[in-house]
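Report on the following structure.
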Amino acid sequence: MSRQTRQVGGSHRGLDMWLLQRASSVYMALFLPAFLVFVLLDTPLDHAAWSGLFIPLTMKVSVLLFIAAVLAHAWIGLREIFIDYVHFLLPRLALYFAFAALYLACLIWAVDILWSVN
Amino acid sequence: MNRQRPFFLDLLAIRLPIGGVVSILHRASGAFLALAIPALLYALMLSLRSPQDFARVQAFFGGGLGWLIGLVALWALLHHLFAGLRHLGFDIGYGEEKIRARLTAKLAMAAAIVLVGGFALIGLAKSGGLA
Chain A
1 MSRQTRQVGG SHRGLDMWLL QRASSVYMAL FLPAFLVFVL LDTPLDHAAW SGLFIPLTMK
61 VSVLLFIAAV LAHAWIGLRE IFIDYVHFLL PRLALYFAFA ALYLACLIWA VDILWSVN
Chain B
1001 MNRQRPFFLD LLAIRLPIGG VVSILHRASG AFLALAIPAL LYALMLSLRS PQDFARVQAF
1061 FGGGLGWLIG LVALWALLHH LFAGLRHLGF DIGYGEEKIR ARLTAKLAMA AAIVLVGGFA
1121 LIGLAKSGGL A
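Residue numbers (the numbering used here), protein chains in the order written: chain A, 1 to 118; chain B, 1001 to 1131.
Now the structure itself:
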């Protein structure tokens, strides 16, 4: 593997990525069971009850934070996979950027989805 | 590279240890979930948009191919979660010894399968499929 590939597309930012991966995983692991309890308390689950869960601002914000954690976690995880299997710089960077763009779009979309509930 | 090292490649005799199985499934389930994000957001959008779209999402995951996709996604999520908790344990120094590492690998693997199996059975029973 070329020096260029390692410097530009490699794992030199290992520690902050590693830390963000842990931080996002802890938030997701705490949020998911709590959210599940919220949902299960609200039976029978029809559209009114389900969308009603998303009306309070605290719920919107904590769900958006969860989605942001998912997206960051997914991007870092995919990056690990690309580092392992995609050994040429250009396709590796193309994959980094493509998923970064896709996930940023998802984040903006998530804001629209959540704030459309009222 | 040293090509004289001991070499054992009897494909019928070698087996990935349980930790290795959990690890590769952690990666596979993570990749699956990462690629499924836009579809999951789409389902969230529909479920919140209107009672009609909520019913569409319910109908999709309620039977047939959608039901299977939902079960696979649920397994991927649970396996990734449990295998990930195991890694968080390693980070703080819990379960690094061989015996405990093997035990937690089996637990993570089994917990995801049992939960998804139970969920599927409850769904079948509720829909009258087991009656």
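All C-beta atoms in this analysis are idealised placements derived from N, C-alpha and C, irrespective of residue type, glycine included. As the structure is a prediction and not an experimental result, all values here were calculated from the model.
Can you give me the C-alpha to C-alpha distance between residue i and residue j, rounded to a whole angstrom?
i: residue 1091 of chain B; j: residue 1097 of chain B; result: 13 angstroms
i: residue 1101 of chain B; j: residue 47 of chain A; result: 43 angstroms
i: residue 75 of chain A; j: residue 1080 of chain B; result: 15 angstroms
i: residue 1124 of chain B; j: residue 36 of chain A; result: 21 angstroms
i: residue 1056 of chain B; j: residue 1015 of chain B; result: 44 angstroms
i: residue 22 of chain A; j: residue 1037 of chain B; result: 19 angstroms
i: residue 33 of chain A; j: residue 117 of chain A; result: 22 angstroms
i: residue 1054 of chain B; j: residue 1012 of chain B; result: 50 angstroms
i: residue 20 of chain A; j: residue 58 of chain A; result: 23 angstroms
i: residue 1026 of chain B; j: residue 68 of chain A; result: 21 angstroms
i: residue 104 of chain A; j: residue 1008 of chain B; result: 46 angstroms
i: residue 30 of chain A; j: residue 1029 of chain B; result: 20 angstroms
i: residue 1047 of chain B; j: residue 1041 of chain B; result: 10 angstroms
i: residue 92 of chain A; j: residue 1077 of chain B; result: 26 angstroms
i: residue 1093 of chain B; j: residue 18 of chain A; result: 16 angstroms
i: residue 84 of chain A; j: residue 1122 of chain B; result: 40 angstroms
i: residue 43 of chain A; j: residue 1058 of chain B; result: 15 angstroms
i: residue 95 of chain A; j: residue 82 of chain A; result: 8 angstroms
i: residue 1137 of chain B; j: residue 1073 of chain B; result: This structure cannot settle anything about residue 1137 of chain B, because the visible part of chain B is limited to 1001 through 1131.
i: residue 1085 of chain B; j: residue 39 of chain A; result: 23 angstroms
i: residue 102 of chain A; j: residue 1039 of chain B; result: 12 angstroms
i: residue 61 of chain A; j: residue 26 of chain A; result: 17 angstroms
i: residue 1099 of chain B; j: residue 1005 of chain B; result: 28 angstroms
i: residue 1087 of chain B; j: residue 1110 of chain B; result: 16 angstroms
i: residue 1128 of chain B; j: residue 1049 of chain B; result: 29 angstroms
Do residue i and residue j have their CB atoms nearer than 7 angstroms?
i: residue 1075 of chain B; j: residue 1034 of chain B; result: no
i: residue 1083 of chain B; j: residue 1108 of chain B; result: yes
i: residue 1045 of chain B; j: residue 113 of chain A; result: yes
i: residue 1106 of chain B; j: residue 1018 of chain B; result: yes
i: residue 99 of chain A; j: residue 78 of chain A; result: yes
i: residue 24 of chain A; j: residue 73 of chain A; result: yes
i: residue 106 of chain A; j: residue 64 of chain A; result: no
i: residue 1071 of chain B; j: residue 1116 of chain B; result: yes
i: residue 1118 of chain B; j: residue 1104 of chain B; result: no
Anything in chain B within Cβ reach of residue i, meaning under 7 angstroms, just list it in chain order.
i: residue 77 of chain A; result: 1030, 1034
i: residue 51 of chain A; result: 1048
i: residue 171 of chain A; result: This structure does not reach residue 171 of chain A, given that chain A is present from 1 up to 118, and the question cannot be answered.
Using a cut-off of 8 angstroms between C-beta atoms, extract the partners of residue i located in chain B.
i: residue 54 of chain A; result: 1048
i: residue 74 of chain A; result: 1030, 1033, 1034, 1037
Counting only Cβ pairs nearer than 7 angstroms, list the residues of chain A close to residue i.
i: residue 1091 of chain B; result: 22
i: residue 1045 of chain B; result: 113
i: residue 1084 of chain B; result: 25
i: residue 1054 of chain B; result: 47, 50
i: residue 1081 of chain B; result: 29
Interface residues of chain A around residue i at Cβ under 9 angstroms?
i: residue 1005 of chain B; result: Those do not exist, as residue 1005 of chain B stays about 22 angstroms from chain A at its closest Cβ, beyond 9 angstroms.
i: residue 1088 of chain B; result: 22, 25, 26, 29
i: residue 1041 of chain B; result: 67, 106, 109, 110, 113
Given that residue i touches chain A, what residues does it touch there, using C-beta distances under 8 angstroms?
i: residue 1051 of chain B; result: 46, 47, 48
i: residue 1107 of chain B; result: Result: empty, since nearest Cβ-Cβ is about 16 angstroms, beyond 8 angstroms.
i: residue 1016 of chain B; result: The contacting residues do not exist; residue 1016 of chain B stays about 17 angstroms from chain A at best.
Which residues in chain E have a C-beta closer than 9 angstroms to the C-beta of residue i? List them in chain order.
i: residue 83 of chain A; result: Judged by its chain identifiers, the structure shown contains no chain E, and its protein chains are A and B.
As an exercise, report each continuous alpha helix (DSSP H) stretch of at least 4 residues that is fully enclosed by the stretch 3-70 of chain A, in chain order. Secondary structure in the stretch 3-70 of chain A: the alpha helix (DSSP H) runs of 4 residues or longer, each lying completely within the stretch, are 3-9, 14-40, 47-52 in chain order.
Identify every run of the alpha helix (DSSP H) within the stretch 1061-1095 of chain B, keeping only runs that are complete inside it and at least 4 residues long; order them along the chain. As summarised for the stretch 1061-1095 of chain B, the continuous alpha helix (DSSP H) elements at least 4 residues long and confined to that stretch are 1064-1091, given in chain order.
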